[in-house]
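> Residue numbers (the working numbering): 1 to 504. Note that beta-carbon positions come from the ideal geometry of N, C-alpha and C, so glycine has one too.
1. Quick one: what's got a C-beta closer than 7 Å to residue 280's C-beta in the same chain, skipping five residues either side?
2. Mind checking which residues open and close the beta strand (DSSP E) that includes residue 105?
3. Note down the Cα distance separating residue 194 from residue 179, rounded to an integer number of angstroms.
4. How close, in whole Å, do the beta carbons of residue 432 and residue 346 come, if the pair is a contact with beta carbons under 8 Å?
5. Measuring straight from C-alpha to C-alpha, what distance separates residue 175 and residue 148?
6. Of the choices 466, 240 and 245, whose alpha-carbon is the least far from that of residue 219?
7. Run through DSSP, which three-state label would residue 85 get?
8. Check residue 295 in the structure and name its three-state DSSP category.
9. Can you name the start and end residues of the beta strand (DSSP E) that residue 285 belongs to?
10. Taking the DSSP output, what are the residues bridged to residue 154?
11. Cα separation between residue 340 and residue 273?
12. Can you tell me the Cα-Cα spacing of residue 500 and residue 266, whole angstroms?
13. Using a Cβ-Cβ cut-off of 7 Å (strictly less than) and excluding sequence neighbours within five positions of residue 481, which residues of its own chain qualify?
14. For the beta strand (DSSP E) that contains residue 74, what are its first and last residues?
15. Where does residue 80 fall in DSSP's three states?
16. To the nearest whole angstrom, what separates the beta carbons of residue 82 and residue 326, a pair I think is in contact under 8 Å?
17. So what does DSSP say about residue 497, is it helix, strand or coil?
18. If we count the other Cβ atoms within 10 Å of its Cβ and call it buried at 16 or more, is residue 391 buried or exposed?
19. At which residues does the alpha helix (DSSP H) containing residue 242 begin and terminate?
20. Over the uninterrupted alpha helix (DSSP H) stretch that includes residue 416, give me the two end residues.
21. Excluding five sequence neighbours on each side, which residues of the same chain lie with their C-beta closer than 8 Å to the C-beta of residue 62?
22. Taking the Cβ atom as the reference point for each residue, do residue 438 and residue 70 lie within a distance shorter than 8 Å?
23. Cα separation between residue 495 and residue 225?
24. According to DSSP, is residue 446 part of a helix, a strand, or is it coil?
25. Can you tell me where the beta strand (DSSP E) with residue 262 in it begins and where it stops?
26. With respect to the alpha helix (DSSP H) encompassing residue 305, which residues constitute its N-terminal and C-terminal limits?
27. Look at the Cβ atom of residue 285, then the Cβ atom of residue 333, and state whether they are nearer than 8 Å.
28. Would you tell me roughly how many angstroms separate the C-alpha atoms of residue 418 and residue 361, rounded to the nearest one?
29. Could you have a look at residue 169 and say whether DSSP puts it in helix, strand or coil?
30. Going by C-alpha distance, which of 381, 342 and 315 is nearest residue 329?
31. Relative to the alpha-carbon of residue 469, which residue among 84, 99 and 49 has its alpha-carbon at the smallest distance?
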């Protein structure tokens, strides 16, 4: 029995003949077919897990959603604990990739295989969703999205030998540099493969309604955001990849934002609503460092991010406090704004504002021929609009003209201003991207809190350590990874994070 259990665990990451969802049929019906599922169902299942905001890498037992995990909003100082202190010490948590391989990447591989295999590619279970090339291109795009997020979280992960089934039950862990280069090349090929003149079946695409032109923009956006992370470790390749993605055309308009839409029902409701309303919990509140930053510049987005306290103020809670001090800090703090607590509130992964700000950084670095100030100010306007603000041009211009916002100074200062606006815009968007900004650009200046410091936790983790389920599945391969990238610790940096981080 022990050997059977171990073999099953190994097969999870290897992708060995796994049924993607219980209702999708028996994968062994026909040995010549990758699966008997409809590709549209597989795709719909995958897109449900695109928000890297409240999501863990592990699934709930019914496989309908990821486990609740707030750390990717805590690391960049967006939220803090208001009841029981569990996460504030920051160094206590590990993660797992197994379910992402098993239920996300495996489904995407099945979509690709079913659209490639002569025995399945023309069947109604495939053709009803769209053309073979468009399905393959979008699936490859999402594979790149998930692989890049996982490697930015953990560093080395299985990539080149992953999803091979029983042909390889012990896939090696590739370096992050290898993963980046492989993913960028594959995603560029996927971009070229997609044909914007035809669409996917809109019924099963809750993100873009089947619009392939928008998926191409999302593809270019993933590559663009990956490329900018190489600004310190490999600026030559970073610039090359960035220019290629920039020329292909990334998300620069709010109409193209990469957004997951929730519904006003318990089966597919917003995770913040689920936590606060459905489950009756109020574990978290806006973070003091974030709220104070917006207060300093009178940022109008406060009104759509937070509610005011009883004194008519915006007030946050610091991260990393003692349990005994929770009551003291939990007096008259702000809560999340009502719009954020709506059952059907959408979650944005990539926004036009973020892309424009990344392009502004690239312009400052001389990677593209564009006016950084114009991009910066256009990004802030796009953020105001996307967040639902009603504002006049005078409000925008006054905001742009004030100290702490005005685009001025040295190139380093301009990049810090850009990073600051990415942080502000990124509230409840892609938490992993915000965490990556801090690791690469050292902004915001992280305050770990008194309790964390007493436990000798003096910085936000540089990476997430592997979980025991990952290591026990292929221990030799993870030991090899430790030898290459360093100790399996939150103190070990990922490949592109080469600068010292700063603290106040």
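In short:
1. Around residue 280: no qualifying Cβ.
2. Unbroken run through residue 105: none, as it is neither H nor E.
3. Approximately 22 Å, taken between the alpha carbons.
4. In this structure residue 432 does not touch residue 346 by the C-beta definition: roughly 18 Å separates them, more than the 8 Å allowed.
5. Roughly 12 Å between the two C-alpha positions.
6. 245
7. In this structure, residue 85 counts as coil in the three-state DSSP scheme.
8. helix
9. 284-286
10. According to DSSP, residue 154 bridges with nothing at all.
11. 8 Å
12. Taking the straight line joining both Cα atoms gives about 44 Å.
13. 156 and 173
14. Where residue 74 is concerned, there is no enclosing beta strand (DSSP E), although the alpha helix (DSSP H) it sits in stretches over 71-74.
15. Residue 80 sits in a strand when the DSSP states are folded into three classes.
16. 7 Å
17. Here DSSP, grouped into helix, strand and coil, assigns residue 497 to coil.
18. exposed
19. 235-248
20. 411-425
21. Confidence at residue 62 is low in this model, with a pLDDT of 42, below 50, so the placement of that residue should be treated as unreliable; the coordinate-derived value is given next. So no residue of the chain qualifies.
22. The answer is no: Cβ separation not under 8 Å.
23. 15 Å
24. strand
25. That residue, residue 262, is in no beta strand (DSSP E); it is neither H nor E in DSSP.
26. 302-305
27. yes
28. If you draw a straight line from the Cα of residue 418 to the Cα of residue 361, it is about 7 Å long.
29. Secondary structure of residue 169 (DSSP, three-state): coil.
30. Cα-wise, what sits closest to residue 329 is 315.
31. 99
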